[in-house]
Structures are given as C-alpha cells and as structure tokens.
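Encoded as structure tokens, the structure appears first; notes follow it.
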DNA sequence: CCTTGAACCTGCGGGC
DNA sequence: TGCCCGCAGGTTCAAG
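In the working numbering, the protein residues as written are 318 to 590.
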C-alpha cells in the first residue's frame, strides 16, 4: 500500500482528527513490529499533545508537546484506520490510540514490516532512520542536476537506482515504473546514463506522478481511513504497473514485466528507450 | 563504495 | 476442496 503518496494521504487524514489532541490511552497489543517498540512507549505517549503531523520520506511523524517525535512507518501492508463504530480490534491491529476527545485510531499491519518508535525532535535528521536519506522527490532540492550527479558512475539499472532512498526519497516500486514510462526511459538503462535531457524529463515525471497520486488520494481520503478501507484509488491511473500483457497506449507493443533486484518492473519496449 | 540477494511476515489468488 | 507456489506497495543487512 504505502508509497509516498499514500503516506502523505495518511498524514493529512490523521492530522484532521489528531492535531492538537492528546493521547488519552495508547495500547500496544504486541511487543514489536519490524523492530521492538521502545521500552515504555505507551506510557511516554499517554497525556502528550500532538502538535504537528507531517511526512519525511515514507515515515509518518507526529511532533509531541514534550519535544519528542513519534515515528511511524507503514511497511508494505500497514495502514491507519479511524474507528467510527464499536467494532472489536482485529488480529493485526497492533497499536490502538485513543485521544482525549474519544477518537480511536488503529495501526494495522499484517506483515509487520512497519515500525513505531520515539525520538527527540532535535537532531532528527541525524537519527539512524533518516541520516542516510537523499532529497525528497517532491522537494525543490530534487532537480535534474542533483539526480544525474547522484547517479553518476552507477551501473545498476535506473529502475533499481530509483528505489535507493539515499539517492532520492519517496519513489517506490509502482511509481518507479510509472515515472520511467512517463519519461520514456527504459528501466534497464544504466543509471549513470541518466543525464542531460533524460534527467530533465525524469525529474518532472516523478514529481508529476507523485503529485497526481496525492491529489487522487486526497479526494478519496474519507474512504481510505474507514475501517474497511482499501486503497486502489490510483490504480486506474497506472499506465504500466500491473498491466503485463496489455496493450500500451501507443498501440504498438504489449506491456512487459521483468524482474529487477527481485522486484517487478513494468514497461513498454516501444515507448521507453 | 557499489551491487546483489536474502531476510523479515502474512495473505491471497492461480494452477493442479 | 485442498495444497503448493508465486507474488505483494519497504527496508536492512551480509557478502562478494
């Protein structure tokens, strides 16, 4: 589920109900996700006021009134649900937040590749989880020059390189394929060859794709945060991802699926060179 | 430093 | 119906 647009959507959805509220109760229903919860996490959060909810890379961050930041990653299968009925928690509802106005939010993650931890807001950029990260794909700091400089000398395929969060942050497996399609670049092209006009095409393609997905997510946000909420709102906009064997819009080739670095890549052999 | 492959974990759909 | 396999939006770590 969660690539950058989905995480951004989750942040905006949570901000609507949690900003300015206090955690009245935090229930950890197991002791870990991908990594252990820090000792005393529930107690540390209880009573704290949420000052700001924002995104860094694919992390949801909640700045608290004691100078700490709650760091949440949704992994592959995580999602946040704002509970509006009296349903019981399910098997994979691992953390349940209740605020001072009675709002209940559940963190659900079947595969448990997500994580939740706490760190001081000061120096967050040098935190182990963040210090290696490159520029956010949507930031002004992500430019064609910056991208080609980061890719210089790299022989790995551009599709694989785009998933390396040290080079650029926020491009996941779906939008890597979609961005390369929009930019007309073969996913197999050596990363170091993305310079000049190719870099000039790829950077705006990435930004456009991500912004369009955020816009689509924003419009279906209420559905997304329902208990039964499943995503998929941007799937109709995918031009190549998940479309192996279908005709490309160019009508001159079928969309092909290959495996790169153990991840699926989809592309058009005609449109992308 | 770069690159690749495996690992973490559960669920689902397809083929037999 | 049931079983086995491959596959899934991310990240990290070890090894070459």
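We put the CB at the ideal spot given by N, CA and C, even for glycine.
Separation of residue j from residue i, as counted between CA atoms
i           : j           : result
residue 569 : residue 477 : 26 Å
residue 330 : residue 534 : 10 Å
residue 545 : residue 418 : For residue 545, the predicted model reports a pLDDT of 33, less than 50, meaning its position is unreliable; a value from the coordinates is still stated below. Taking the straight line from one Cα to the other gives about 23 Å.
residue 502 : residue 413 : 44 Å
residue 556 : residue 473 : 24 Å
residue 585 : residue 564 : 9 Å
residue 494 : residue 467 : 19 Å
residue 388 : residue 425 : 15 Å
residue 531 : residue 390 : 18 Å
residue 459 : residue 448 : 17 Å
residue 529 : residue 350 : 31 Å
residue 520 : residue 321 : 15 Å
residue 374 : residue 475 : 20 Å
residue 481 : residue 344 : 34 Å
residue 505 : residue 576 : 10 Å
residue 422 : residue 574 : 38 Å
residue 409 : residue 446 : 24 Å
residue 500 : residue 406 : 44 Å
residue 325 : residue 442 : 19 Å
residue 341 : residue 469 : 50 Å
residue 554 : residue 560 : 11 Å
residue 319 : residue 558 : 15 Å
residue 582 : residue 363 : 43 Å
Environment of residue i [buried if 16+ CB atoms lie within 10 Å]
i           : result
residue 542 : Caution is warranted here: a pLDDT of 44 is assigned to residue 542, below 50, making its placement in the model unreliable, and no coordinate value can be reported.
residue 567 : exposed
residue 590 : exposed
residue 579 : exposed
residue 352 : exposed
residue 496 : buried
residue 333 : exposed
The alpha helix (DSSP H) enclosing residue i, as first and last residue numbers
i           : result
residue 475 : 475 to 479
residue 462 : 461 to 468
residue 490 : 490 to 500
residue 344 : Taken as a continuous stretch (DSSP letters only), residue 344 belongs to no alpha helix (DSSP H), being part of the beta strand (DSSP E) at 340 to 345.
residue 325 : 321 to 335
residue 359 : 358 to 362
Chain-order list of residues whose beta-carbon lies under 6 Å from that of residue i (same chain, five-residue window excluded)
i           : result
residue 323 : none
residue 366 : 339 and 382
residue 444 : 436
residue 461 : 516, 517 and 520
residue 379 : 367, 370 and 387
Endpoints, beta strand (DSSP E) assigned at residue i
i           : result
residue 435 : 432 to 437
residue 398 : 396 to 400
residue 411 : 410 to 416
residue 577 : 572 to 577
residue 370 : 367 to 373
residue 389 : 385 to 390
residue 581 : 580 to 585
residue 447 : Where residue 447 is concerned, there is no enclosing beta strand (DSSP E), given that its DSSP letter is neither H nor E.
residue 380 : 376 to 381
Own chain, CB closer than 8 Å to residue i, minus 5 neighbours either side, in chain order
i           : result
residue 471 : 478, 507, 508 and 509
residue 385 : 361, 365, 435, 436, 437 and 438
residue 454 : 321, 485, 486, 487, 488, 523, 524 and 527
residue 433 : 350, 354, 358, 387, 388, 389, 390, 412 and 424
7 Å Cβ shell around residue i - same chain, five flanking residues per side excluded
i           : result
residue 348 : 354
residue 393 : 428 and 430
residue 328 : 370, 371, 372 and 377
Cβ-Cβ separation, residue j to residue i (assumed contact under 8 Å), whole Å
i           : j           : result
residue 415 : residue 399 : Not a contact, Cβ separation roughly 12 Å.
residue 511 : residue 464 : 7 Å
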